[in-house]
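Every position in the sequence shown, counted from 1, becomes a number in the numbering used here once 590 is added.
Backbone N, C-alpha and C fix where the C-beta goes; we use that ideal spot for every residue, glycine too.
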Amino acid sequence: MNREILRIAIPNIVSNITVPLMGIVSTAIAGHLGDSTATIGALAIGVSIFNFIYWNCGFVRMGTSGLTAQAFGAGNFRECTNMLVRSLLVSAALGLLVIVLQYPLGQLALRAMNGNAMVSEYFYARIWAVPAGILLFGFNGWYTGMQNAVIPMYIAVSVNATHVLCSLWFVFRCGMGITGIAYGSVIAQHVGVVLAVVLLVICYRKTLTRFRWREVLDWAPMKAFFVINRDIIVRTFCIVAVYTFFTAASARMEDPALLAVNTLLLQIFTLFSYMNDGFAYAAEALTGRFIGARDERSLRLCLKRCILWGTAVSLLFVAIYTVWWRDLLGIFMDSQSADAARIAELAARYIGWIIVIPLASAMPFIMDGIMVGATQTRVMRNSMLISTAAYFGIFYALQPMIGNNALWLAFTLYMFLRGVVQFLMTGRLRNIYREASRPALPEKP
């Protein structure tokens, strides 16, 4: 079971690590252009806009993986094929909608983010990458459900490498400025889709069955797919609200330097999330597989081991943050800058929260994966609503008394409650085990 978990977790961790590396390279490219301050700022705003778009379309991946994993576990490869087609149809429709609405979306985003002409050029160039990016969500969700984490890893590495190489070429050889980075993303995302299709044909041509539109568009599975996606969209909205408010509240603190400190500390926290997300994906894929196979024994062992792995990673990062937090902070800021000493001094006051948060966050990442695999997204949605309400309540109740500590306390308890509430809502996972003990449904003729 440990080998099965690591077989899925490790490639996903590698895939996750390529994301910040690509961001670092893109920022470095922007920093070597003429007005580096203006260029880096414009790139940061443009990237934030697209992160918001992609984050809100991420339900396609999560909604696909759980249902596909259950069909895979049941040996129902016809339904696996149908899920792939459904996912790609929804992805294509979303991508087309974004392209059609690109002008109003762009104007709204630019006004909200106070974007300038440089950001506008970046946005209207990179927008053509969105359809391919959403299609990749569909492919990656399906591959995860099929217990294959290696193909998504190959795709992620290829996409990010292509993005870097094309960006370097367009920016420094073609003199396209920040727009060159945007077009690098466009080419990279489409290369990813081509690679996803090629690997699908090579690896799954004997597994995929002929699909019928009547089955693909059958109301019962389509309804289940959209109900799951609806719950995931609500969950995503809560996450966006929490993180957006975290930044906004930091900016309103009495000391302006707290915005920089809180942002940098949150960046350090994301290093932990990239690692634990790999085990969440493993929990997602294996939970769905064992429920589909009606293998309660393997499911119980899988969930226990996934929780243990998540806890082990949390303890590892507690040690890393305790010993090397200053070194990690140095990755994200220039130690020679005028305010570096001030930021380090302030960060030392709040670093205790970063050391504690991995322990509070061990459960929610794994529980999210379990809920997606078990298609218990209603539980995930409700726990998120409760945790988000607690987050805002704790902050507003304590902020007048303890200031910035109230924000970190609210965030820590928000993460902790996400996992605990899901655990309790499922009767300490008994309801999940019950799903695997039910008789298998007969396959449709």
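Go to G685, then tell me how far its alpha helix (DSSP H) extends in each direction, as first and last residue.
Within the sequence shown, residue 685 is the residue found at index 95, counting from 1. Segment F667 to V690, the alpha helix (DSSP H) holding G685.
Please list, in chain order, all residues of the same chain as L918 whose beta carbon is under 6 Å from its beta carbon, the five residues on each side excluded.
Position 328 of the sequence shown, counted from the start, is the residue given in the question as residue 918. Around L918: I858.
Assuming I956 contacts I897 (C-beta within less than 8 Å), just tell me the rounded distance between them.
Counting from one through the sequence shown, the residue named residue 956 turns up at place 366. Counting from one through the sequence shown, the residue named residue 897 turns up at place 307. Contact flag correct, Cβ pair sits at about 6 Å.
Inter-residue spacing [alpha-carbon to alpha-carbon] between S920 and V690:
Your numbering for residue 920 matches position 330 in the sequence shown. Your numbering for residue 690 matches position 100 in the sequence shown. According to the sequence displayed, residue 920 carries Gly and not Ser. So the two alpha carbons sit approximately 43 Å from each other.
Assuming L698 contacts S710 (C-beta within less than 8 Å), just tell me the rounded distance between them.
Working through the sequence shown from its first residue, we reach residue 698 at position 108. Working through the sequence shown from its first residue, we reach residue 710 at position 120. At roughly 12 Å, the Cβ-Cβ gap does not stay under 8 Å, so L698 and S710 are not in contact.
Limits of the alpha helix (DSSP H) - the one that N995 falls within:
Numbered from 1 along the sequence shown, position 405 holds the residue referred to as residue 995. It spans N994 to M1015 - the alpha helix (DSSP H) in which N995 sits, taken as one unbroken run.
As assigned by DSSP and simplified to three states, the class of T797
For the purposes of this step, residue 797 is taken as the residue at position 207 of the sequence shown. Reduced to three states, the DSSP call for T797 is coil.
Taking buried to mean at least 16 other C-beta atoms within 10 Å of its own C-beta, is E1025 buried or exposed?
Position 435 of the sequence shown, counted from the first residue, corresponds to residue 1025. Buried.
Proximity to L855 [Cα-Cα], best of I881, Y911, A872 and V740:
Locating residue 855 in the sequence shown gives position 265, counting from the first residue. Measuring from the Cα of L855, the nearest candidate turns out to be Y911.
Is it buried or exposed for A841, if we count other Cβ within 10 angstroms and need 16 for buried?
Counted from its first residue, the sequence shown places residue 841 at position 251. The residue is exposed, with fewer than 16 neighbouring Cβ atoms inside 10 Å.
Please name the residue, chosen from R968, A661 and T1016, that lies closest to G819 on a Cα-to-Cα basis.
If you number the sequence shown from 1, residue 819 lands on position 229. The sequence given here places Asn at residue 819; Gly does not occur at that position. Per the Cα distances, R968.
Contact between the region 1007 to 1024 and the region 858 to 874 is defined here as three or more beta-carbon pairs at a separation below 8 Å; is this criterion met?
no
Would the beta-carbon of F827 fall within 9 Å of that of L997?
If you number the sequence shown from 1, residue 827 lands on position 237. If you number the sequence shown from 1, residue 997 lands on position 407. The answer is no: Cβ separation not under 9 Å.
What are the boundary residues of the alpha helix (DSSP H) that D958 is part of?
The count along the sequence shown starts at 1 and reaches residue 958 at position 368. Residues A930 to G963.
In whole angstroms, what is the alpha-carbon distance linking P1035 and R676?
Position 445 of the sequence shown, counted from the first residue, corresponds to residue 1035. Position 86 of the sequence shown, counted from the first residue, corresponds to residue 676. Unreliable positioning characterises P1035 in this predicted model, as indicated by a pLDDT of 45, which lies under 50. The coordinate reading is nonetheless provided below. Going by the C-alpha atoms only, they are around 19 Å apart.
Applying the 10 Å Cβ sphere with the 16-neighbour rule, what's the burial state of S1027?
Counting from one through the sequence shown, the residue named residue 1027 turns up at place 437. With fewer than 16 other Cβ atoms within 10 Å, it is exposed.
Using CA atoms only, rank isn't needed, just tell me which of I771, M743 and R971 is closest to P601.
Here residue 601 refers to the residue found at position 11 of the sequence shown. Nearest option by C-alpha distance: M743.
Where does the unbroken alpha helix (DSSP H) through L807 begin, and where does it stop?
For the purposes of this step, residue 807 is taken as residue 217 along the sequence shown, with counting starting at 1. Run containing L807: none; DSSP gives neither H nor E here.
Quick test of your reading: N726 and V637, contact by CB under 8 Å. State the CB separation rounded to the nearest angstrom.
The count along the sequence shown starts at 1 and reaches residue 726 at position 136. The count along the sequence shown starts at 1 and reaches residue 637 at position 47. Per the sequence shown, the amino acid found at residue 726 is Leu instead of Asn. Contact flag wrong, Cβ pair sits at about 17 Å.
Would you decide whether F729 is buried or exposed? Buried here means 16 or more other CB atoms lie within 10 Å of its CB.
Taking the sequence shown and counting its residues from 1, one reaches residue 729 at position 139. F729 is buried by the Cβ-count criterion.
Would you mind working out which of F642, I607 and T617 sits nearest T834, comparing C-alpha positions?
Translated into the one-based positions of the sequence shown, residue 834 becomes position 244. Minimum Cα distance to T834 is reached at F642.
Taking DSSP as the reference, what is the three-state secondary structure of P1035?
For the purposes of this step, residue 1035 is taken as the residue at position 445 of the sequence shown. Any answer about P1035 is weak, because its pLDDT of 45 lies below 50 and its placement is not dependable; what the coordinates show is given next. DSSP places P1035 in coil when its eight states are reduced to three.
Comparing C-alpha positions only, which one of I960, W915, W718 and A930 sits nearest to I941?
For the purposes of this step, residue 941 is taken as the residue at position 351 of the sequence shown. I941 has its Cα closest to that of W915, out of I960, W915, W718 and A930.
With three or more C-beta pairs closer than 8 Å as the rule, is the region 769 to 786 touching the region 796 to 806?
no
Within 9 Å, strictly: CB atoms of L893 and A873:
Within the sequence shown, the letter at position 303 stands for residue 893. Within the sequence shown, the letter at position 283 stands for residue 873. Yes, these two residues count as a Cβ contact at 9 Å.
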